[in-house]
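Counting from 1, position 296 in the sequence shown corresponds to residue 927 in my numbering; the numbering is continuous, with no gaps.
Ideal placement from N, C-alpha and C gives every residue a C-beta, glycine not left out.
In this text the structure is predicted, and so the values were computed from the model without any measurement.
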Amino acid sequence: MAITIPSRIIFAHLPTPLEKLQRFSGELNGPDIYIKRDDLTGMAETGNKIRKLEYLLAEARQQGGEVLITCGGAQSNHARATAVSAAKMGIKCHLVLRNSTGSDPEGNLFLDRLVGAEITFITVAEYEQVDEIMSKLADEYVAKGIKPYVIPEGGSNALGSLGYVTAMAEVAEQMKTQSLAFDHMICAVGSGGTLAGMLLGKHAVGIAGQIHGINVCDDANYFQNRVSNILRSARRRFGFDLNLQSQDISIIDGYVGKGYGLNSQEEIDLIKHVAQLEGIILDPVYTGKAMFGLADQIRKGRFKKGERILFWHTGGIFGLFPKKALFF
632 MAITIPSRII FAHLPTPLEK LQRFSGELNG PDIYIKRDDL TGMAETGNKI
682 RKLEYLLAEA RQQGGEVLIT CGGAQSNHAR ATAVSAAKMG IKCHLVLRNS
732 TGSDPEGNLF LDRLVGAEIT FITVAEYEQV DEIMSKLADE YVAKGIKPYV
782 IPEGGSNALG SLGYVTAMAE VAEQMKTQSL AFDHMICAVG SGGTLAGMLL
832 GKHAVGIAGQ IHGINVCDDA NYFQNRVSNI LRSARRRFGF DLNLQSQDIS
882 IIDGYVGKGY GLNSQEEIDL IKHVAQLEGI ILDPVYTGKA MFGLADQIRK
932 GRFKKGERIL FWHTGGIFGL FPKKALFF
């Protein structure tokens, strides 16, 4: 069965750079660490989210969507990227966000409001039923004669994961041009779509090396099952010939720390250190935790000197601003 990739809306500024972290690699005295700068995809610094959204937004347009409905935390990068994209498309956006009263908005929440998104805040307990809440909201729009398009948390479904199939084809071309090969590729995992797309892309493009996700919430078992479900859906819908078992999906667990969106001083110090050493700005929710985990795994000997690692910078800079008091 041939792989069928649907059309997408071109919003991201691609290709994003691939750079070596020369000083950070030398300091750790381990593998050579490279970074894929998906923090530079443009569209108000939408990071990895816009790659997934390009496919989802194309479907929304094809279906005549007049309002995008999606969800996340109060500082959700995905929610902000969706809100910005809706403004660019000239349609409405309605966000369902957890755990905030919305007072004195900062960071992503400020940008959500700036681009005109309508926001419904719900409690952490209510967020357990967020899919049902979004479905009910969609029904309310239908009753008003407005066509909704619902996007899952993180844009992480089979269609959204295609953004990282495309990304893997992009990086394969860069590897060829720069005469590079990587023993390992690493990304932060918060909803599973990016990792699923990378695994699909690795298989489709024929890239060697291992792919690992470092989870920033939940645990390894949760994400192995979640990613496996996305892969199965992509196989059925688009014809990918990839049959990974959940236990074959590499999740490096143990770096959730205090919890999703919560930081230890060690994580904050690592973000500051990389910023001052390399001029690379990591975020406190995803890439900061993932880079902290990578550095720790290098020190523990999991990744060896002489190997090459590609770390995917998935963006998230606006998540820093609500946490500025932790840094200085």
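Residue of the options minimising C-alpha distance to residue i
i	options	result
Tyr960	Asn894, Ile880, Asp879	Limits of the chain in this structure are 632 at one end and 959 at the other, which puts residue 960 out of reach.
Tyr780	Ile634, Val858, Met765	Met765
Arg668	Leu913, Phe871, Phe958, Leu925	Leu913
Asp825	Val836, Gly837, Ala798	Looking at the sequence shown, residue 825 is not Asp but Thr. That would be Ala798, whose Cα lies nearest to the Cα of Thr825.
Ile948	Arg639, Leu726, Ser881, Gly738	Gly738
Ile899	Arg711, Gly950, Trp943	Gly950
Thr945	Ala748, Ile641, Gln855, Gly785	Gly785
Gln760	Leu728, Gly696, Phe854, Glu938	Leu728
Ser638	Thr647, Pro648, Asp670, Tyr686	Tyr686
Thr677	Glu763, Asp743, Val858, Lys778	Asp743
Ile666	Leu957, Pro953, Phe942, Met922	Phe942
Ala576	Ile641, Leu688, Pro646, Leu862	What is shown of the chain runs 632 to 959, which leaves residue 576 out entirely.
Ser656	His904, Gly721, Asn846, Gly840	His904
Ala956	Met720, Asn852, Gln896	Gln896
Ala827	Ser864, Met806, Asp814, Asn852	Ser864
Phe813	His644, Leu649, Ile641	Leu649
Met816	Phe934, Ala691, His644, Phe642	Phe934
Asp872	Leu908, Ile845, Gly832	Gly832
Ser716	Ala851, Met922, Ile782	Ile782
Gln841	Glu749, Ile940, Ala675	Ile940
Ile753	Asp770, Gly747, Asn730	Asn730
Gly696	Gly673, Ser707, Met720	Met720
Gly704	Leu740, Phe923, Lys767, Ala748	Leu740
Glu801	Ile640, Leu925, Gly892, His644	His644
Ile634	Leu790, Glu771, Gly870, Glu658	Gly870
Extent of the continuous beta strand (DSSP E) to which residue i belongs
i	result
Gly657	Careful: Gly657 lies outside any beta strand (DSSP E), inside the alpha helix (DSSP H) at 653-659.
Val960	Outside the shown range of the chain, which is 632 to 959, sits residue 960, and nothing can be said about it.
Ala819	815-820
Gly828	Taken as a continuous stretch (DSSP letters only), Gly828 belongs to no beta strand (DSSP E), being part of the alpha helix (DSSP H) at 824-836.
Gln809	Premise fails: Gln809 is in no beta strand (DSSP E) and is neither H nor E.
Gln841	841-846
Ile882	881-883
Pro779	779-781
Span separating the alpha-carbon of residue i from that of residue j
i	j	result
Tyr758	Leu811	43 Å
Val773	Val698	10 Å
Leu830	Asp849	20 Å
Arg866	Tyr795	15 Å
Lys683	Ser792	6 Å
Lys651	Ser881	24 Å
Ser877	Asn860	9 Å
Gln855	Cys818	14 Å
Asn788	Thr808	31 Å
Ile725	Pro736	The sequence given here has His at residue 725, not Ile. In a straight line, the C-alpha of His725 is about 17 Å away from that of Pro736.
Leu862	Asn874	8 Å
Thr751	Ala691	21 Å
His843	Lys778	38 Å
Gly919	Lys775	43 Å
Ile883	Pro662	17 Å
Lys723	Ala689	15 Å
Val820	Gly937	26 Å
Gln693	Leu671	27 Å
Ile640	Ala718	14 Å
Ile636	Gln805	21 Å
Gln653	Val847	26 Å
Enclosing alpha helix (DSSP H) for residue i [first to last residue]
i	result
Ala865	851-869
Asn739	738-745
Ser766	761-774
Ser716	708-720
Ile902	896-909
Gly919	918-930
Tyr686	680-693
Residues bridged to residue i (per DSSP)
i	result
Asp663	Arg939
Leu728	Gly703, Phe752
His944	Arg668
Lys723	Val698
Glu650	Ile666
Cutoff 8 Å: residue i Cβ touching any chain D Cβ
i	result
Ala714	Included in the structure is just one protein chain, with no chain D present.
query = Is there contact between the region 903-923 and the region 829-843, where contact requires at least three CB pairs shorter than 8 Å?
reply = Too few Cβ pairs lie closer than 8 Å, so no.
request  = Examine the Cβ distances between the region 678-695 and the region 706-717 and report whether three or more of them are shorter than 8 Å.
outcome  = They touch, by the three-pair rule.
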